[in-house]
Amino acid sequence: MTAVDPSTTAGESGGDTGRDILAVAREQVLERGEGLSQEQVLAVLQLPADRLSEALALAHEVRMRHCGPEVEVEGIVSLKTGGCPEDCHFCSQSGLFESPVRAAWLDKDRLVEAAKQTAKTGATEFCIVAAVRGPDARLMEQVRAGIAAIRAEVDINVACSLGMLTQEQVNELAAMGVHRYNHNLETARSHFPEVVTTHSWEERWETLQMVRAAGMEVCCGGIVGMGESLEQRAEFAVQLAELEPDEVPLNFLIPNPGTPFAHLEVPQGADALMTVAAFRLALPRTVLRFAGGRELTLGDLGAEQGMLGGVNAIIVGNYLTNLGRPAEQDLDMLETLKMPIKALNDTL
132 MTAVDPSTTA GESGGDTGRD ILAVAREQVL ERGEGLSQEQ VLAVLQLPAD RLSEALALAH
192 EVRMRHCGPE VEVEGIVSLK TGGCPEDCHF CSQSGLFESP VRAAWLDKDR LVEAAKQTAK
252 TGATEFCIVA AVRGPDARLM EQVRAGIAAI RAEVDINVAC SLGMLTQEQV NELAAMGVHR
312 YNHNLETARS HFPEVVTTHS WEERWETLQM VRAAGMEVCC GGIVGMGESL EQRAEFAVQL
372 AELEPDEVPL NFLIPNPGTP FAHLEVPQGA DALMTVAAFR LALPRTVLRF AGGRELTLGD
432 LGAEQGMLGG VNAIIVGNYL TNLGRPAEQD LDMLETLKMP IKALNDTL
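Be aware that the sequence shown starts at 132, since it is given in this note's numbering, and climbs by one per residue.
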């Protein structure tokens with residue numbers, strides 16, 4: 132893709148060449164609710180650092196108009212950790228890498244306790260995650276038992292992230308009452324072979340299409356900072372827009388020891404925040420969630436800037452193999468920013 136001048140070019144959609152990209156975005160995204168095109172997203176990503184505050188302010192306006200002021204809070208827990216046969220280059224749970232993570236399973240009682248602790252934070256969503264290519268019969272049975280136990284004791288929506296699915300497994304999860312299914316595309320289609328070689332981007336896309344057809348909400352995002360170009364980051368944003376997910380979790384690379392991406396640098400805060408703004412402008416009505424890596428990349432101040440720059444959901448507590456920050460700290464931040472937590476009954 133040919134680079135564009137972000138200060139003067141709005142891109143190919145709507146014949147707005149010559150107009151400032153943020154002026155075009157204000158009219159196109161804020162007023163009409165139409166997400167930016169790939170070239171327009173690239174123009175936002177290429178804006179100079181001194182326009183970051185302006186981009187974040189516009190993204191916040193878009194979020195408030197098209198999503199409202201509420202913030203969706205979620206907790207996640209790993210039912211099966213480590214020992215995954217896939218070679219996702221960012222992931223310390225791959226059994227193919229010499230990382231410190233070792234395979235482990237979580238029993239049903241601890242799963243229920245994790246759901247209870249998540250619900251106490253005010254979260255409406257609890258996601259059960261497993262490090263697998265896709266679930267086998269044993270895992271599906273454990274998920275079924277876990278969901279039943281959680282439903283008996285905890286008033287919370289249950290989501291799952293279990294890798295690539297067959298149609299039969301999609302139908303099973305829908306019958307269990309799974310509210311939302313997470314399966315990240317991770318990065319742009321053109322960059323995916325540099326990130327994963329043991330399965331394809333298209334296989335992930337197929338799972339997501341089956342999930343939507345079965346009536347579950349679709350959660351799909353990725354990781355910023357895996358060596359992708361700005362052009363590929365813009366490509367990824369519009370590919371997500373084409374998928375029309377209910378939620379997009381934005382992660383920022385944590386260069387985990389022992390993984391092929393251990394040598395990569397942590398994304399810079401300003402770069403990460405401009406990405407947040409650009410993704411909000413590409414996805415005006417989607418739940419945009421802060422996920423892993425924000426602590427390293429953004430810190431406390433950057434997290435607040437992101438919440439005031441288009442983000443309207445957050446994972447609280449720890450992630451799968453990386454520590455987050457205490458849930459109370461994020462809840463205090465939301466209170467300081469006067470952002471109400473979305474109520475459970477609004478999501479059912």
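Even for Gly, the Cβ is constructed at its ideal location relative to N, Cα and C.
These numbers were taken from a predicted model, which means no experiment stands behind them.
If we count the other Cβ atoms within 10 Å of its Cβ and call it buried at 16 or more, is residue i buried or exposed?
| i | result |
| --- | --- |
| valine 415 | It should be noted that the sequence gives proline, not valine, for residue 415. Proline 415 is buried by the Cβ-count criterion. |
| alanine 372 | buried |
| valine 232 | For valine 232, the predicted model reports a pLDDT of 47, less than 50, meaning its position is unreliable and no value from the coordinates is stated. |
| leucine 468 | exposed |
| leucine 173 | buried |
| methionine 195 | exposed |
| leucine 432 | exposed |
| alanine 154 | exposed |
| alanine 262 | buried |
| lysine 528 | The requested residue 528 is not part of the displayed model; the chain covers only 132 to 479. |
| arginine 335 | buried |
| aspartate 461 | buried |
| glutamine 340 | exposed |
| glutamate 217 | buried |
| valine 327 | buried |
| alanine 245 | buried |
Relative to the C-alpha of residue i, which residue among the options is closest?
| i | options | result |
| --- | --- | --- |
| glycine 424 | Leu316, Cys222, Gly346 | Cys222 |
| glutamate 490 | Gly253, Ala156, Glu158 | The question about residue 490 has no answer, for the chain in this structure spans 132 to 479. |
| glutamate 299 | Gly166, Asn382, Ala268 | Ala268 |
| isoleucine 281 | Leu293, Pro266, Cys258 | Cys258 |
| valine 407 | Pro388, Leu475, Leu439, Ala345 | Leu439 |
| arginine 311 | Lys469, Leu412, Asp377, Arg150 | Asp377 |
| alanine 156 | Gln399, Ser360, Glu192 | Glu192 |
| leucine 480 | Lys251, Thr212, Glu158, Lys247 | Not covered by the structure: residue 480. The range shown for the chain is 132 to 479. |
| glutamate 185 | Ser209, Pro216, Asp151 | Asp151 |
| glutamate 256 | Leu374, Asp463, Val285, Val274 | Val285 |
| aspartate 181 | Asp402, Ala413, Asp461 | Asp402 |
| alanine 344 | Val208, Gln273, Met470, Glu375 | Glu375 |
| proline 391 | Arg275, Cys215, Cys219, Val289 | Cys219 |
| glutamine 434 | Leu242, Gly400, Gln159, Gln177 | The sequence shown places alanine at residue 434, not glutamine. Among Leu242, Gly400, Gln159, Gln177, the Cα nearest to that of alanine 434 is on Gly400. |
| phenylalanine 410 | Gln169, Leu395, Leu462, Ile445 | Gln169 |
| glutamine 436 | Glu158, Met464, Met307, Val369 | Met464 |
| glutamate 303 | Lys251, Ala190, Gln171, Leu270 | Leu270 |
| alanine 444 | Glu158, Cys198, Pro179 | Cys198 |
First and last residue of the alpha helix (DSSP H) that includes residue i?
| i | result |
| --- | --- |
| threonine 417 | Run containing threonine 417: none; DSSP gives neither H nor E here. |
| glutamate 333 | 332-344 |
| alanine 480 | Nothing in the structure corresponds to residue 480, since the chain is present only between 132 and 479. |
| alanine 156 | 152-156 |
| valine 193 | 183-197 |
| alanine 422 | Where alanine 422 is concerned, there is no enclosing alpha helix (DSSP H), given that its DSSP letter is neither H nor E. |
| alanine 283 | 268-284 |
| phenylalanine 323 | Phenylalanine 323 -> no alpha helix (DSSP H), and no H or E assigned at all. |
| alanine 174 | 169-176 |
| phenylalanine 367 | 361-374 |
| aspartate 238 | It is not in any alpha helix (DSSP H) - aspartate 238 carries neither H nor E in the DSSP assignment. |
| methionine 464 | 458-467 |
Contact check, residue i vs residue j under 8 Å by CB: the rounded distance?
| i | j | result |
| --- | --- | --- |
| valine 342 | valine 301 | 6 Å |
| methionine 357 | leucine 384 | 6 Å |
| leucine 296 | glycine 265 | 6 Å |
| asparagine 382 | alanine 422 | 5 Å |
| alanine 319 | glutamine 363 | 4 Å |
| histidine 322 | glutamate 359 | 5 Å |
| glutamate 203 | valine 418 | 6 Å |
| glycine 206 | valine 442 | Contact doesn't hold; Cβ gap of about 17 Å is too wide. |
| valine 397 | leucine 361 | At roughly 17 Å, the Cβ-Cβ gap does not stay under 8 Å, so valine 397 and leucine 361 are not in contact. |
| valine 309 | alanine 290 | 7 Å |
| glycine 346 | alanine 306 | Going by Cβ atoms, the distance from glycine 346 to alanine 306 rounds to 10 Å, so no, they are not a contact pair. |
According to DSSP, which residues form a beta bridge with residue i?
| i | result |
| --- | --- |
| serine 209 | Val260 |
| glycine 400 | Partner(s): none; glycine 400 has no beta bridge. |
| arginine 311 | Ala290, Glu348 |
| serine 225 | Cys215 |
| isoleucine 445 | Val204, Phe421 |
| glutamate 317 | Gly353 |
At what residues does the beta strand (DSSP E) containing residue i begin and finish?
| i | result |
| --- | --- |
| leucine 381 | 378-383 |
| glycine 353 | 353-355 |
| isoleucine 472 | No beta strand (DSSP E) contains isoleucine 472, which DSSP labels as neither H nor E. |
If we cut at 8 Å on Cβ distances, does residue i have a partner in chain C?
| i | result |
| --- | --- |
| leucine 395 | The question asks about chain C, but that chain is absent: this structure has only one protein chain. |
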